[in-house]
Amino acid sequence: MCGVVGYIGKQEATPILVDGLRRLEYRGYDSSGIAVFGENINVVKSKGKLVNLSEKIESLGKFSGNLGIGHTRWATHGQPSDLNAHPHMSNNKKISLVHNGIIENYYSLKAFLKEKNYTFYSETDTEVVANLFDFYYSQNKNTLDTLIKVMSEITGSFAFAIMCDDNPDEILAVRKHSPLVIGIGEGENFIASDMPAILEHTRKYYLLDDEEIAVIKKDSITILDLNKNQVNKDVFEVDWDISAAEKGGYDYFMLKEIMEQPKALNDCISPRLVNGDIKLDDISLTSDDIKNINRIHIVACGSAWHAGLIGKTAIEKLSRIPVEVDLASEFRYRNPILDKNDLCIIISQSGETADTLAALREAKRQGIRILSIVNVVGSSIARESDDVLYTWAGPEIAVATTKGYSTQVALLYLVALKFGYERNLVSDAEKSELIENLKTLPDHITTLLKQEDKVKALAKKYSTCKDVFLIGRGIDYDAVQEGSLKLKEISYIHSESYAAGELKHGTISLIEDGTLVIAVATQANIIEKTLSNLKEVKSRGAIALVITTEGTHTLDDATDDVIFMPAISDLFTATLSAIPLQLFAYYIAVERGCDVDMPRNLAKSVTVE
Numbered sequence: 147m148c149g150v151v152g153y154i155g156k157q158e159a160t161p162i163l164v165d166g167l168r169r170l171e172y173r174g175y176d177s178s179g180i181a182v183f184g185e186n187i188n189v190v191k192s193k194g195k196l197v198n199l200s201e202k203i204e205s206l207g208k209f210s211g212n213l214g215i216g217h218t219r220w221a222t223h224g225q226p227s228d229l230n231a232h233p234h235m236s237n238n239k240k241i242s243l244v245h246n247g248i249i250e251n252y253y254s255l256k257a258f259l260k261e262k263n264y265t266f267y268s269e270t271d272t273e274v275v276a277n278l279f280d281f282y283y284s285q286n287k288n289t290l291d292t293l294i295k296v297m298s299e300i301t302g303s304f305a306f307a308i309m310c311d312d313n314p315d316e317i318l319a320v321r322k323h324s325p326l327v328i329g330i331g332e333g334e335n336f337i338a339s340d341m342p343a344i345l346e347h348t349r350k351y352y353l354l355d356d357e358e359i360a361v362i363k364k365d366s367i368t369i370l371d372l373n374k375n376q377v378n379k380d381v382f383e384v385d386w387d388i389s390a391a392e393k394g395g396y397d398y399f400m401l402k403e404i405m406e407q408p409k410a411l412n413d414c415i416s417p418r419l420v421n422g423d424i425k426l427d428d429i430s431l432t433s434d435d436i437k438n439i440n441r442i443h444i445v446a447c448g449s450a451w452h453a454g455l456i457g458k459t460a461i462e463k464l465s466r467i468p469v470e471v472d473l474a475s476e477f478r479y480r481n482p483i484l485d486k487n488d489l490c491i492i493i494s495q496s497g498e499t500a501d502t503l504a505a506l507r508e509a510k511r512q513g514i515r516i517l518s519i520v521n522v523v524g525s526s527i528a529r530e531s532d533d534v535l536y537t538w539a540g541p542e543i544a545v546a547t548t549k550g551y552s553t554q555v556a557l558l559y560l561v562a563l564k565f566g567y568e569r570n571l572v573s574d575a576e577k578s579e580l581i582e583n584l585k586t587l588p589d590h591i592t593t594l595l596k597q598e599d600k601v602k603a604l605a606k607k608y609s610t611c612k613d614v615f616l617i618g619r620g621i622d623y624d625a626v627q628e629g630s631l632k633l634k635e636i637s638y639i640h641s642e643s644y645a646a647g648e649l650k651h652g653t654i655s656l657i658e659d660g661t662l663v664i665a666v667a668t669q670a671n672i673i674e675k676t677l678s679n680l681k682e683v684k685s686r687g688a689i690a691l692v693i694t695t696e697g698t699h700t701l702d703d704a705t706d707d708v709i710f711m712p713a714i715s716d717l718f719t720a721t722l723s724a725i726p727l728q729l730f731a732y733y734i735a736v737e738r739g740c741d742v743d744m745p746r747n748l749a750k751s752v753t754v755e
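Converting from the sequence shown to this note's numbering requires adding 146 to each position, the first position being numbered 1.
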């Protein structure tokens with residue numbers, strides 16, 4: 147979603163803002179802009195890539211000031227254009243603000259302001275807020291009181307950074323349902339929607355909670371609630387280096403993050419395997435709590451939802467607890483049936499996903515215990531959960547998740563095994579065997595990554611395909627759903643995933659000469675059935691690419707190309723099959739000239755519904 151950055155201090159604001167926006171490009175955007183306070187507020191903004199903004203700034207000459215705000219926009223109201231880009235200003239140019247989120251009642255507010263003779267030049271909801279702020283500020287001449295009044299008038303989600311022409315020594319910041327951090331410096335302070343934007347300047351920051359206001363000056367940060375009571379906040383400190391958010395010699399962040407998966411899996415799994423047992427951090431679930439769980443609801447969006455499907459298979463197999471996997475965007479609208487002994491597992495890489503956060507709050511409203519799986523420490527989902535398991539994947543910059551997804555799956559494996567053991571359904575011997583299998587995942591992924599050149603060649607071979615179908619059975623079907631998403635989101639090839647047994651119930655009618663069908667076939671007890679399905683599509687002209695485990699000797703004429711994975715317990719194959727599917731999608735996207743890290747129309751963190 148949109149990126150927000152702000153600076154106040156002694157340095158020139160413009161280069162800090164532009165560099166901060168550059169570090170937020172991974173979030174996805176269609177336009178950008180900055181407002182810098184010199185003798186007055188100067189705004190420059192541009193449609194398209196950040197380089198367009200940089201060139202525009204350079205053409206304007208001196209753009210000086212020690213106070214400013216910046217923004218990368220992902221369109222929600224109005225098409226991408228210079229006019230619709232942020233920052234937005236009030237009619238009299240006294241108020242400038244940037245916004246991440248959506249104002250749901252902007253239309254009625256706009257009508258109200260038109261009656262007060264305000265004119266609107268953009269199609270955005272944000273310009274409405276700039277003028278609404280000006281309207282109330284003209285009555286009380288107090289920026290803090292004005293912001294509180296504005297917040298009482300608007301509904302929706304937002305993170306604002308606001309400058310007022312009368313206050314050349316402060317920025318106001320506030321959030322509700324959209325992420326915002328306040329970076330703490332010496333003689334300078336910062337605002338950002340995500341820490342990579344300001345990590346070159348500070349490692350210390352405050353996390354704003356909903357409806358908290360930060361009054362930011364170069365030498366002070368004051369955080370207040372809506373009653374203007376000062377709020378004491380914990381200071382967080384980033385524990386990873388700025389180099390972790392740089393490409394490190396790779397052409398794209400996505401490839402770098404694919405290659406980081408052995409380390410990410412090791413960092414996620416190893417600390418939780420202690421003396422032959424599984425320690426799920428400091429979660430408050432007791433052995434009796436686990437035994438009394440009636441049902442588990444896994445709630446997530448996108449790739450995290452696909453991880454949840456694998457989690458369902460693993461948890462039901464090992465613990466025999468019924469599991470429902472819900473799309474977060476549907477969960478609270480279907481009036482879910484929840485029981486006081488249910489557990490809700492919330493999965494989100496960013497910990498700020500709007501639909502997932504809303505689902506969490508609905509489950510909490512009904513009194514259900516929440517266990518979250520997130521990557522970002524101190525994120526909204528983490529803070530609002532009863533328990534949290536961090537993936538420890540490190541910063542993930544590419545829009546298409548790789549190591550974030552793999553570590554989510556790994557944590558769900560650990561949960562499944564822990565729950566199964568506590569419910570006396572997994573013996574000591576079985577637990578030891580499965581733990582040993584888990585320990586091998588990082589090394590097996592390293593082995594798979596050595597097949598990069600082979601996968602790259604296959605990607606080149608099939609890069610002109612118009613339609614690709616991915617099939618599997620059991621946990622392989624869970625895995626191909628994520629593989630299909632990867633292919634479509636970064637290469638723009640039409641791709642669909644199906645349970646292999648469902649092909650003959652309609653989908654096989656889409657198969658024609660040259661259609662690529664990718665089968666993941668790793669489950670020993672049903673591999674023959676999947677290969678039979680492959681023969682069906684090959685007899686209708688399809689090309690078959692199979693991903694399977696070493697030692698499979700029954701492929702005969704069922705495949706045109708094959709990628710072999712190291713042998714591992716059937717339960718854990720989904721982590722390994724993700725690797726060639728990620729590499730395949732990546733190299734097809736590169737071959738087709740796509741912007742791999744920032745695919746069109748997509749954003750890294752979706753903070754609006």
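All C-beta atoms, glycine included, are put in the ideal place defined by N, C-alpha and C.
Residue from the options with nearest C-alpha to residue i
i	options	result
S478	K458, I491, D501	According to the sequence shown, residue 478 is Arg rather than Ser. Ranking K458, I491, D501 by Cα distance to R478 puts D501 first.
L557	S449, I300, C414, A690	C414
I248	K239, V275, R529	V275
I180	L243, F266, F306, L370	L243
V197	L580, N277, K596, S177	S177
S254	L345, C490, N238, E299	E299
Collapsed DSSP secondary structure at residue i in the structure displayed
i	result
Y733	helix
R418	helix
H232	coil
Y623	helix
L199	helix
L656	helix
T753	In this prediction, T753 scores a pLDDT of 48, lower than 50, which makes its location untrustworthy; no coordinate-derived value is stated.
M341	helix
V756	Any question about residue 756 goes unanswered here, given that the chain covers just 147 to 755.
T265	coil
G149	strand
Y253	helix
S366	strand
E406	coil
N679	helix
CB-CB length for residue i against residue j, believed under 8 Å
i	j	result
L757	I516	Only positions 147 to 755 of the chain appear in the structure, and residue 757 is not among them; the question remains open.
D472	N440	D472 to N440, Cβ: 16 Å. No contact.
L170	V151	7 Å
E406	K549	5 Å
D703	A667	With 8 Å as the limit, D703 and A667 do not qualify as a contact, their Cβ atoms being about 14 Å apart.
D533	S433	With a Cβ gap of about 15 Å, D533 and S433 do not count as contacting.
L167	S449	Not a contact, Cβ separation roughly 25 Å.
K458	V469	4 Å
Buried versus exposed, by CB contacts within 10 Å (16 or more), residue i
i	result
K191	buried
Q728	buried
A504	buried
E322	Here residue 322 is Lys; the residue named in the question, Glu, does not match the sequence. So K322 counts as buried.
G149	buried
P342	buried
H217	buried
K606	exposed
H640	exposed
K262	exposed
L584	buried
V754	Because the pLDDT at V754 is just 48, under 50, the model does not fix this residue reliably, and the point stays unresolved.
P541	buried
Residue i beta carbon near the ligand MN (any heavy atom closer than 7 Å)
i	result
V420	As far as ligands go, the structure on display features none, and thus does not contain the ligand MN.
Other residues of its chain near residue i: CB distance less than 7 Å, five sequence neighbours each side excluded
i	result
E383	R349, K350
V572	L464, L563, G566
F183	G211, L213, G214, M309, P314
D707	L604, L691
G333	G155, K156, K364, D365
E598	L729
L206	V190
Cβ-based neighbour list, residue i, same chain, cut-off 6 Å, excluding 5 preceding and 5 following
i	result
A688	I657, T661, V663
T270	H223, G224, N230
S723	A625, V666, I693
N412	P588
8 Å Cβ cutoff, residue i in contact with chain B
i	result
M235	Absence of chain B from the displayed structure is noted, only one protein chain being present.
8 Å CB neighbourhood of residue i in its chain, flanking five on each side removed
i	result
K510	I516, E530
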